[in-house]
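Working notes, beginning with the structure itself.
2 protein chains.
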Amino acid sequence: MKPTIYDVAKEAGVSIATVSKVINNTGKMRDSTRENVKEAMLRLNYQPSLMASALTGKGTETLGLLVPDISNPFFSEMARTIEDRAHESGMSVIMCSTDENPEKEKKYLELLQRKQVDGFIVASSFQDKNLLKGLKKLRIPLVMLTQDDIGLDVTSVSVDDFKGGYEATSHLITAGHRNIAIIAENANSSKMRIYGYREAHAEHGLICSEENIFQTTASITNGKECLKEMVQKENVPTAIFACNDLIAIGVIQGAKELGLKVPEDLSIVGFDNTILATTTVPALTTVAQPITEMGNKVVDVIIEEIKEKNRGKERVLFNPQLIVRGTTTSID
Amino acid sequence: MKPTIYDVAKEAGVSIATVSKVINNTGKMRDSTRENVKEAMLRLNYQPSLMASALTGKGTETLGLLVPDISNPFFSEMARTIEDRAHESGMSVIMCSTDENPEKEKKYLELLQRKQVDGFIVASSFQDKNLLKGLKKLRIPLVMLTQDDIGLDVTSVSVDDFKGGYEATSHLITAGHRNIAIIAENANSSKMRIYGYREAHAEHGLICSEENIFQTTASITNGKECLKEMVQKENVPTAIFACNDLIAIGVIQGAKELGLKVPEDLSIVGFDNTILATTTVPALTTVAQPITEMGNKVVDVIIEEIKEKNRGKERVLFNPQLIVRGTTTSID
DNA sequence: ATGAAAGCGCTAACAT
DNA sequence: ATGTTAGCGCTTTCAT
Chain S
1 MKPTIYDVAK EAGVSIATVS KVINNTGKMR DSTRENVKEA MLRLNYQPSL
51 MASALTGKGT ETLGLLVPDI SNPFFSEMAR TIEDRAHESG MSVIMCSTDE
101 NPEKEKKYLE LLQRKQVDGF IVASSFQDKN LLKGLKKLRI PLVMLTQDDI
151 GLDVTSVSVD DFKGGYEATS HLITAGHRNI AIIAENANSS KMRIYGYREA
201 HAEHGLICSE ENIFQTTASI TNGKECLKEM VQKENVPTAI FACNDLIAIG
251 VIQGAKELGL KVPEDLSIVG FDNTILATTT VPALTTVAQP ITEMGNKVVD
301 VIIEEIKEKN RGKERVLFNP QLIVRGTTTS ID
Chain U
1 MKPTIYDVAK EAGVSIATVS KVINNTGKMR DSTRENVKEA MLRLNYQPSL
51 MASALTGKGT ETLGLLVPDI SNPFFSEMAR TIEDRAHESG MSVIMCSTDE
101 NPEKEKKYLE LLQRKQVDGF IVASSFQDKN LLKGLKKLRI PLVMLTQDDI
151 GLDVTSVSVD DFKGGYEATS HLITAGHRNI AIIAENANSS KMRIYGYREA
201 HAEHGLICSE ENIFQTTASI TNGKECLKEM VQKENVPTAI FACNDLIAIG
251 VIQGAKELGL KVPEDLSIVG FDNTILATTT VPALTTVAQP ITEMGNKVVD
301 VIIEEIKEKN RGKERVLFNP QLIVRGTTTS ID
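Line order of the protein sequences matches chains S and U.
Counting along the first sequence from 1, when you hit position 320 you're at 320 in UniProt numbering, and nothing is skipped either side.
Counting along the second sequence from 1, when you hit position 204 you're at 204 in UniProt numbering, and nothing is skipped either side.
What follows is the structure in structure tokens.
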């Protein structure tokens, strides 16, 4: 059997209370006692049970991370930095992929609550905001990542989507493009990117046709489909701003299949700057989210909230950065 | 406060034992009682605490997954299928990236033990086998994924690396290549792939020069470096078998920088068939691991082991499949 | 400085 | 069919 606090107490010839104190580094006692107990722990290879201590009201030292899909490079890269930062504070992370499916969202949220995670990080899109309200009501720490909801009074860490959309589009407009399509996701972040897209047009005195605004869910296939749809409608833009790298790659591949040259016939800008943006040829011009900074920040923030339950809610906005690579060029 | 089993008992007018029985669907009781209790649970929005039940000896319904790096698409894709399959059995997954660093391996192993995970899945390379032996000694369920160690009597799920290496190399040899380099990882799986590479040479009556065998760790940069090294040594092969997609992509990019045309000047075969293999141009010829099947299997197996602790250890081998795409061509 | 004991929310053996 | 009760391994208050 694994040794318990009782075994250690016996081994060290003290009471379990004393052992508990050395485990938690609390209370006062003779140095020799402390050493004595420590040695006993070592001898028995004792590991305090987190279950038991969690039961007494202490935390589980576990974070719940809800993402749409961990196999999407954007989220796996984000997850990696979250994992590392969390471990620095002795926290581990349980990850769940929701597929943006409200049933799964509910299921995982409940599951993680039963596991008594100390806090939740909810990334990019959560369909059922009421579930989140439920968490708030129970005063369970929650931070939203890469999304924020005006209706929900919750701390959030995201990139400035408006600015990102604006810069991507401006880049294209400046390069001479006048017929620019945008392929967005059905997410709040995309909504802001669309506004940025509009703003860029407005600022240059251009009007943007509603027909150039497409919505889909993030995947290579859908990106490809979208482009084909444009071609069928015989309204092929000279440039496309895809609201994430996955879609952008779909567009690149679709272009290839359709015999369109990138960037000569079609310029493409992505969003996220995942590893995928560096593996295409030509490499993808994209709007980078500072994934590492954001991941670190979101962990810092959730840990803060766990420590002092009702802190003022902040909304942290990071700056996106346009990274010009090979998929965009000027025309005329 | 969150309702406890006592609250439910009071609400339903029964004892906590009865409530416990309906939670676990055990014991016998009047249907009306069961219904009555269920309604009480609903009314209070009661969620049984997994902490408490874990403390009484039941499992935590949590799996520990150790991978080298969750941000590597191969592992994130694998993690995704593991997560899904685990959830089907009501298990969640805590993921940890070890970076193949023995310190981290140790740290995470201990951490997860303290969290009392019901079992471990250890993927691709674990430096310190002794740690694993420790687990075995404590009779903690453990399954190795994408690696197996002859010395360790442990269940494993992997792809047939020998066969994979053999097929990748045969494909190249059949295409007329005679100077084929292999870039391997410092892992056991790569060892078998190298043997497959040798076997293919032998079978065709070819000798393979030791100078053509390179070892590195998986990353795009390292792939690039390796190719440059070859060029410096002025021994540029006509084909390279990279032991994973990441390295293969590095080689592709390196080739581009060096002015080598793929596949005309240099054929390249990867391994894994991750999403990355589909985003390069030309798309990467690679050896596919059946990620979904493997992920499902490894979960099934670990759950079996959790159920009946000492089962016969099995070694499951999946078939790799060569997927010919654009980075290989015949010469002469 | 150290220890005794109550309790955290649950399970399971044993009573009733 | 239902309830009583003794743990599970730990924290924490209150004594000593």
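In this text, a Cβ means the ideal position worked out from N, Cα and C, and glycines have one as well.
Just so you know, these numbers come straight off a predicted model, no measurement behind them.
Please report the straight-line C-alpha distance between T56 of chain U and Y46 of chain U, rounded to a whole angstrom.
In the second sequence, residue 56 of chain U corresponds to position 56, counting from 1. In the second sequence, residue 46 of chain U corresponds to position 46, counting from 1. If I take the Cα positions, the gap works out to 19 angstroms.
Thinking C-beta only, is T98 of chain S closer than 7 angstroms to A123 of chain S?
Here residue 123 of chain S refers to the residue found at position 123 of the first sequence. Here residue 98 of chain S refers to the residue found at position 98 of the first sequence. Annotated as distal: A123 of chain S and T98 of chain S, with beta-carbon spacing of 7 angstroms or more.
Using only CA atoms, which one of U:T33, U:D149 and U:A17 lies nearest to E314 of chain U?
Residue 314 of chain U sits at position 314 when you count from the first residue of the second sequence. Residue U:D149 is the option with its Cα nearest to E314 of chain U.
What in chain S is Cβ-close to P48 of chain U, meaning under 9 angstroms?
The residue you call residue 48 of chain U lines up with position 48 of the second sequence. Here the neighbours are R114.
I want to verify the contact list: residues of chain S whose CB lies under 7 angstroms from the CB of L55 of chain U, in sequence order.
One-based indexing of the second sequence puts residue 55 of chain U at position 55. At a C-beta separation below 7 angstroms, L55 of chain U has these neighbours in chain S: M51, A52 and L55.
Can you give me the C-alpha to C-alpha distance between T286 of chain U and E203 of chain S, rounded to a whole angstrom?
The residue given as residue 286 of chain U occupies position 286 in the second sequence. The residue given as residue 203 of chain S occupies position 203 in the first sequence. Cα to Cα, T286 of chain U sits roughly 47 angstroms from E203 of chain S.
If we call anything under 7 angstroms between Cβ atoms a contact, is P68 of chain U one with S125 of chain U?
Residue 68 of chain U sits at position 68 when you count from the first residue of the second sequence. Residue 125 of chain U sits at position 125 when you count from the first residue of the second sequence. In contact: P68 of chain U and S125 of chain U (Cβ atoms closer than 7 angstroms).
Looking at the structure shown, is A288 of chain U part of a helix, part of a strand, or coil, going by DSSP?
Here residue 288 of chain U refers to the residue found at position 288 of the second sequence. In the structure shown, A288 of chain U sits in a strand (DSSP, three-state: E or B).
First and last residue of the alpha helix (DSSP H) that includes L138 of chain U?
One-based indexing of the second sequence puts residue 138 of chain U at position 138. Counting along the chain, L138 of chain U falls outside any alpha helix (DSSP H), and DSSP gives it neither H nor E.
Using alpha carbons as the reference points, say which of U:E234, U:V236, U:Y195 and U:S190 lies closest to Q215 of chain U.
What you label residue 215 of chain U is simply residue 215 of the second sequence in a count that begins at 1. When only C-alpha atoms are compared, the closest one is U:S190.
Once you ignore the five residues that flank N59 of chain U on each side, which residues in its own chain have a CB closer than 6 angstroms to its CB?
Locating residue 59 of chain U in the second sequence gives position 59, counting from the first residue. It should be pointed out that residue 59 of chain U corresponds to Gly in this sequence rather than to Asn. D118, listed in sequence order.
Scan the stretch 260-284 of chain U for residues whose Cβ lies nearer than 7 angstroms to a Cβ of chain S and list them as they occur along the chain.
L276, T279, T280 and V281
Going by alpha carbons, who is nearest to P263 of chain U out of U:P237, U:C243, U:D272 and U:I275?
Residue mapping note: residue 263 of chain U aligns to position 263 of the second sequence, counting from 1. Among U:P237, U:C243, U:D272 and U:I275, the Cα nearest to that of P263 of chain U is on U:P237.
Residues of chain U with CB under 8 angstroms from R80 of chain S, in chain order?
Taking the first residue of the first sequence as position 1, residue 80 of chain S is located at position 80. D69, I70, S71 and S97, listed in chain order.
Considering only C-alpha positions, which residue in the set S:Q253, S:I240, S:A288 and S:L111 is nearest to S267 of chain S?
In the first sequence, counting from the first residue as 1, residue 267 of chain S sits at position 267. That would be S:I240, whose Cα lies nearest to the Cα of S267 of chain S.
Could you check whether the Cβ of I303 of chain S sits closer than 7 angstroms to any Cβ belonging to chain U?
Your numbering for residue 303 of chain S matches position 303 in the first sequence. Cβ-Cβ to chain U under 7 angstroms: no for I303 of chain S.
Using a cut-off of 7 angstroms between C-beta atoms, extract the partners of L145 of chain S located in chain U.
Here residue 145 of chain S corresponds to residue number 145 of the first sequence, with the count starting at 1. Under the 7 angstroms cutoff, chain U gives no residues; its nearest Cβ is about 16 angstroms from L145 of chain S.
Nearest chain U C-beta to S20 of chain S closer than 7 angstroms, yes or no?
Counting from one through the first sequence, the residue named residue 20 of chain S turns up at place 20. So no, S20 of chain S is outside the interface.
By the DSSP assignment, the alpha helix (DSSP H) with R85 of chain U in it spans what residues?
Locating residue 85 of chain U in the second sequence gives position 85, where the first residue counts as 1. Unbroken alpha helix (DSSP H) run through R85 of chain U: P73 to E88.
Considering only residues of the same chain and omitting the five flanking positions on each side of I331 of chain S, which have a CB-CB separation below 7 angstroms?
Residue numbering aside, residue 331 of chain S sits at position 331 when the first sequence is read from its first letter. The residues are A175, G176, H177 and T238.
Please state whether the Cβ-Cβ distance between M78 of chain S and I291 of chain S is less than 7 angstroms.
Counted from its first residue, the first sequence places residue 78 of chain S at position 78. Counted from its first residue, the first sequence places residue 291 of chain S at position 291. In this structure, I291 of chain S lies closer than 7 angstroms to M78 of chain S by Cβ.
On the three-state DSSP scale, how would you describe D272 of chain U?
The sequence position of residue 272 of chain U within the second sequence is 272, counting from 1. Residue state, collapsed to three classes: strand.
Taking the runs of the beta strand (DSSP E) that are 3 residues or longer, which of them lie wholly in the stretch 224-251 of chain U?
Unbroken beta strand (DSSP E) stretches of 3 residues or longer found wholly inside the stretch 224-251 of chain U: 239-242, given in chain order.
Using a Cβ cut-off of 9 angstroms, pull out every chain S residue sitting near I94 of chain U, in sequence order please.
Residue mapping note: residue 94 of chain U aligns to position 94 of the second sequence, counting from 1. Under the 9 angstroms cutoff, chain S gives T62, S92, V93, I94 and M95.
Comparing alpha-carbon positions, which option in U:G312, U:D128 and U:L42 lies nearest E103 of chain U?
Taking the second sequence and counting its residues from 1, the one referred to as residue 103 of chain U is at position 103. Comparing Cα-Cα distances from E103 of chain U to each of U:G312, U:D128 and U:L42, the minimum goes to U:D128.
If you pair each beta-carbon of the stretch 290-306 of chain U with each one of the stretch 151-160 of chain U, do three or more pairs fall below 8 angstroms?
yes
Which ranges would you report for the beta strand (DSSP E) in the stretch 96-182 of chain U if only whole runs of at least 3 residues count?
119-123, 142-145 and 155-159
Let's see if you can read the secondary structure: which residues bound the alpha helix (DSSP H) around L50 of chain S?
Walking along the first sequence from the start, residue 50 of chain S turns up at place 50. Note, L50 of chain S: alpha helix (DSSP H), L50 to L55.
So, is the C-beta of I249 of chain S closer than 7 angstroms to a C-beta in chain U?
Against the first sequence, residue 249 of chain S aligns to sequence position 249. Yes, because at least one Cβ of chain U sits closer than 7 angstroms to the Cβ of I249 of chain S.
With A40 of chain S and E83 of chain S assumed to form a contact (beta carbons below 8 angstroms), what rounded beta-carbon distance in angstroms separates them?
Against the first sequence, residue 40 of chain S aligns to sequence position 40. Against the first sequence, residue 83 of chain S aligns to sequence position 83. That belief does not hold up - the Cβ atoms of A40 of chain S and E83 of chain S are roughly 33 angstroms apart, past 8 angstroms.
Taking contact to mean 3 or more Cβ pairs, one atom from each stretch, closer than 8 angstroms, check whether the stretch 165-172 of chain U and the stretch 241-252 of chain U are in contact.
Cβ pair count under 8 angstroms is three or more, so yes.
Please list, in chain order, the chain U residues whose beta carbon lies closer than 7 angstroms to that of L111 of chain S.
Looking up residue 111 of chain S in the first sequence gives position 111. Here the neighbours are S92.
For the putative contact between R198 of chain U and C208 of chain U, defined by C-beta atoms under 8 angstroms, what is the C-beta separation to the nearest angstrom?
For the purposes of this step, residue 198 of chain U is taken as the residue at position 198 of the second sequence. For the purposes of this step, residue 208 of chain U is taken as the residue at position 208 of the second sequence. Their Cβ separation, rounded to whole angstroms, is 6 angstroms, which keeps R198 of chain U and C208 of chain U in contact under 8 angstroms.
Apply the 10 Å Cβ neighbour rule to S32 of chain U and answer buried if 16 or more other Cβ atoms are within range, or exposed otherwise.
Residue numbering aside, residue 32 of chain U sits at position 32 when the second sequence is read from its first letter. Exposed is the call here.
Would you call A17 of chain U buried or exposed, if buried means 16 or more other Cβ atoms sit within 10 Å of its Cβ?
Your numbering for residue 17 of chain U matches position 17 in the second sequence. Looking at its Cβ environment, which holds fewer than 16 other Cβ atoms inside 10 Å, A17 of chain U is exposed.
Which same chain residues end up closer than 6 angstroms to Q253 of chain S when comparing Cβ atoms and leaving out the 5 residues on each side of it in sequence?
Reading the first sequence from its first residue, position 253 is the one you call residue 253 of chain S. Cβ neighbours of Q253 of chain S beyond the five flanking positions: K224.
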